[in-house]
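Protein chains in written order, with my numbering: chain Y, 1 to 504; chain D, 1001 to 1504; chain S, 2001 to 2175; chain R, 3001 to 3175.
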């Protein structure tokens, strides 16, 4: 095993990888931007190197400076986390050139699967079903390609991931505008504006298979994650097993994912994403050549530490188990707590976290990148923390997730916690019968004041909220504003309150 | 399942049971003393009833008022946790009389196992090995009984548990004094001053077996916990599996524990404690007819939720599995974070917790009864929180425990965190070769400034501690105390610091 | 201390009385009329109503508004004074109502990547007006009220700070 | 600001300079002589020395002493002024040294259940003097220094508050 590893990321995933290093007896060191000097991942690492300014391109995306930092601190390997440099094949190759082990797939496999068009071809060759689609298109040839596929269709960034640079187009008239938007978003996110078109599968579930390969050519899968609860292709909640998957279908999709990974010469952790249509047919969507945000869901049903396994494989160790030895049990759910306001169109929020108290207890884990006092800056993605719960069955996991959400204290910045409170308390999530349209179809009603279970609980607690607000007002105005009441008297509320100095 | 359950306890175990209720969809209600109005268990429950003043006898030990509270809030069952009324057979019987299900063993089994002398007899009848000892003794007949057994010997409270009312006597001269002390401690703790004598087994390990029985008469065991790291018979750290137990010995001790439980007509959760001598012989010590503080260790290696299982069995459900279906895997360690100062003879500390931030991440759970701002009062036991970690093997669990301790923020009240930092970093704990003398033999060296690993890490961080202290002094004195320095100048430290106004 | 608070558009009268120093206060509500007890806690208050005690985080994001969080629920309360004719409505961005006009401001630093509507155009509440990019995500900023876009300050591609004015929506009867 | 701090009996000179408002300060130590940066954080400070940043919880349990907690370690630091001839030694209870005398006080409310030594008796540092019961546990309170028990205030069975004087140990050369 390595003696020292550079964790080349920030936020919750850097904290997660630092913890895996500690558990392996590896010294974790990290990098930070000038804006992140005081952030949690810096505090938990043995050392941290300031690689540049707040903007990602100056710091976390600056490959040469990141490699310089690794060498300055004596790291032998580099774990990229997700995002930033994680799926950059050139960077992975550059690490190798400069004598650093890159914790991830070989650069060649990464490049092939990172290019969505090439990935499609690999899938077809491996006999994995794909949705019909085009090659790379630009303004000129997009119309022709679109006509061949038919509407609705999706524009996708060739270099994409996480829904960046993706657009749904329902009619020919909006194709040109959407194409420009997708290209500019792709350029901004990946420095690569290439896009292609794909038939849009209506009402699919998003189901992905976790795969792992080692240097000896062994590839296994660790079951699926259902990521159908998403908004604008950003996942919000993931679970395993999928409520829509039978053991037979799991084996079939797992086999397909393993064939694809083998065909791509894949090694280390990867995820094969599929669309599952309402008739139970699945189509290859893309392969993520990295650790996923939602990897803990698989950790909790498989009992494996996927980050530790990544590090072991990067250090040349074998997987240590075969497909029949993979044992999946129970159910797990992950909630992505982001700094976005679900009651205001999920607009991102920034500011200082006043209080953060994660949930805890049996079956609850929280991977957070923040603590009380942390600053949420506009420079990076808004993921604050992930609550991951597990239980013997889906219903226990759901109840635990709800318990965890209600226990969590997160104030100072708007977050998706109230979104999860309502989703988890609602009947649709309970039933397990939903698809990727869940948020757009159900959130308007769930998020309204008149919604079901969750909102009733909210109404019941309203008097306590009023009292807390009143107490806070009183505190802020100073105790001299108090109206003395003779002991034993009842409250006398007469007319409109007097005008008082406000210090809100 | 019950609709509503009264959690008749406080602190971390009340929080633990409340969480189990939530996971089962049961409404948890609780009780509190006047001193605990604002405590975490009250905040997390649906309702809480103030049963009396701060003193336990007025509140948590006041059985009739506790039952009144249960009925006032509409609870159908009562979970006693540990301590307080948990092993009071009369109270359990009274619950049944007043129409409340008591979550625990039948009153008769509880009475028998709660009386240590009767428990010994039951063990002998069930063919479980016991240490030679006496019946109940008082001042007059103690000398004779002691002479028969020989020194060293132990005085034990018949109603005892947790080391209360227990004394080691190495020579006849100190027998009388120790007997009086033990009797008064037993009277204070249990309201029952009866004590008996037992041969003292030198250098044993403390190994206990978790058992579970249901109404149908099925009894299973869930493996062992090694609780050898203890001080004055108070456990500090527990782990499973025991580093000293072979699979054969586990089966043998497990069978003995199951025989004992069957012989006692036992039902629900219980723990059979054994002494394991250096030659691998084991002796029945006592049976704890309740949930143990250290139950999470077993939860993490068995994958079971023991509190949920307790509630299911109390509601009349069967165990749902047989002995061969019990699958134990990996390793787990629990650390008891108590408000005691390990550098001052473990003297209990009280006060307000300034900041509490539990550890988190893969394989780490923290069952806490406190949050930032909680008050640690002198009225109750000093257990603040339990850190429980698990991993595929003991060494991973040990590293995780160390990681968790180093991540935990707990300020304002002295705690056992530094004790665990040094124990876990030390070579003796690593080796797994120790017995119940661990703390008295090794802590003096581990706790000294010149100790091994842990203290070296402490010395390395000392400049950062100095800087933090200096910054705090500066903040408290107000920024007007700052000495302006021209930009770029080096620090000039000349002679002794000037006398400044102190506001520490 | 007596006050009026608005929650979800409804008016509530409250009265606060100190109990034990500044750490504990009693709060009277019109309805149910019973006293609630609030105790200061890190990050907010714990509130007891009868046998129920909850933790309430209390923060302010803007003047005149308190955000209370209890058990995963969020409550936005406006204080009586300064809220003319009741609480403000929340739009997609930071909408500030002043005499019927709604000002829409940038929620955080970022830039406008597309203008969907122009100054002088009529909009319905909820109509998309422009696309704002921040934290690598594009978000549509919608009109908080029906009316006319009166003052379009946003231009495409220009970096903006948080809290800058994007545009104003004036009610139709005024415009 | 310049100060002397004592840690584990050793004297350290420190100098503090404000950096960015009150939230960030630079701290100079004699040795290694390099500057450390401390940033205010809830419950204490984060401190950076070179490439290492740690979280340091800082609290005071008694006048003249700061307790710093970093990564599971506890440091007790005494400030220069008031500590005559260096830092105080810690006994089992709350030992306060004044002119060579050591006052031993109750660590918390409780009662004395047994007196092992009497007033006037000679004791060595670490000798048990009495047994104090608090939080249901009995703890032996030991002599913080060698000397003579000069003022035994404790009596068996009497409930006591935290911080009450139990006994005083005076050095032999004075007694």
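Note that beta-carbon positions come from the ideal geometry of N, C-alpha and C, so glycine has one too.
Distance between beta carbons of residue j and residue i, contact taken as under 8 Å
i	j	result
residue 399/Y	residue 1023/D	5 Å
residue 1104/D	residue 1381/D	Contact flag wrong, Cβ pair sits at about 19 Å.
residue 2132/S	residue 2078/S	25 Å between Cβ atoms; not a contact.
residue 551/Y	residue 319/Y	Outside the shown range of chain Y (1 to 504) lies residue 551/Y, about which nothing can therefore be said.
residue 1416/D	residue 1355/D	Not confirmed; about 17 Å, so no contact.
residue 2043/S	residue 411/Y	6 Å
residue 1385/D	residue 1337/D	5 Å
residue 1237/D	residue 1420/D	7 Å
residue 404/Y	residue 364/Y	5 Å
residue 48/Y	residue 3039/R	So it is not a contact: roughly 14 Å between Cβ atoms.
Test: residue i CB closer than 8 Å to a CB of chain Y
i	result
residue 3054/R	yes
residue 1005/D	no
residue 1058/D	no
residue 3114/R	no
residue 2165/S	no
residue 1399/D	yes
residue 2158/S	no
residue 3046/R	yes
residue 1433/D	no
residue 2074/S	yes
Element boundaries [alpha helix (DSSP H), containing residue i]
i	result
residue 91/Y	89 to 97
residue 3145/R	Segment: none, residue 3145/R is in no alpha helix (DSSP H) and carries neither H nor E.
Limits of the unbroken beta strand (DSSP E) element including residue i
i	result
residue 1323/D	Premise fails: residue 1323/D is in no beta strand (DSSP E) and is neither H nor E.
residue 292/Y	Segment: none, residue 292/Y is in no beta strand (DSSP E) and carries neither H nor E.
residue 1251/D	No beta strand (DSSP E) contains residue 1251/D, which is instead part of the alpha helix (DSSP H) from 1247 to 1263.
Min CB distance residue i to chain D below 8 Å
i	result
residue 2018/S	no
residue 360/Y	yes
residue 2042/S	yes
residue 44/Y	yes
residue 2039/S	yes
residue 2106/S	no
residue 292/Y	no
Beta bridge counterpart(s) of residue i as assigned by DSSP
i	result
residue 3139/R	3132/R
residue 49/Y	31/Y
residue 270/Y	211/Y
residue 102/Y	78/Y
Contact with chain S by residue i, beta-carbon distance below 8 Å
i	result
residue 1076/D	no
residue 184/Y	yes
residue 1038/D	yes
residue 296/Y	no
residue 493/Y	Low confidence applies to residue 493/Y: its pLDDT is 29, below 50, so where it sits in the model is not reliable, and the reading given next is rough at best. So yes, residue 493/Y belongs to the interface.
CB contact below 8 Å: residue i versus chain R
i	result
residue 1389/D	no
residue 1052/D	no
residue 440/Y	no
residue 1350/D	yes
Any non-hydrogen atom of the ligand FMN closer than 7 Å to residue i Cβ
i	result
residue 57/Y	The ligand FMN is not among the ligands present in this structure, which contains no ligands whatsoever.
The region 3048 to 3072 of chain R: positions lying closer than 8 Å to chain D by Cβ
3049, 3052, 3054, 3055, 3056, 3057, 3058, 3059, 3060, 3061, 3063, 3064, 3065, 3066, 3067, 3068, 3069, 3070, 3071 and 3072
Compile a chain-ordered list of the residues in the region 365 to 382 of chain Y whose CB is closer than 9 Å to at least one CB of chain D.
365, 366, 367, 368, 371 and 372
Against chain A, which members of the region 1232 to 1258 of chain D pass a CB distance test of less than 7 Å?
Annotation note: the requested chain A is absent from the structure, which comprises protein chains Y, D, S and R.
Proximal residues, the region 12 to 40 of chain Y versus chain D, C-beta separation under 8 Å
15, 16, 19, 20, 22, 23, 24 and 25
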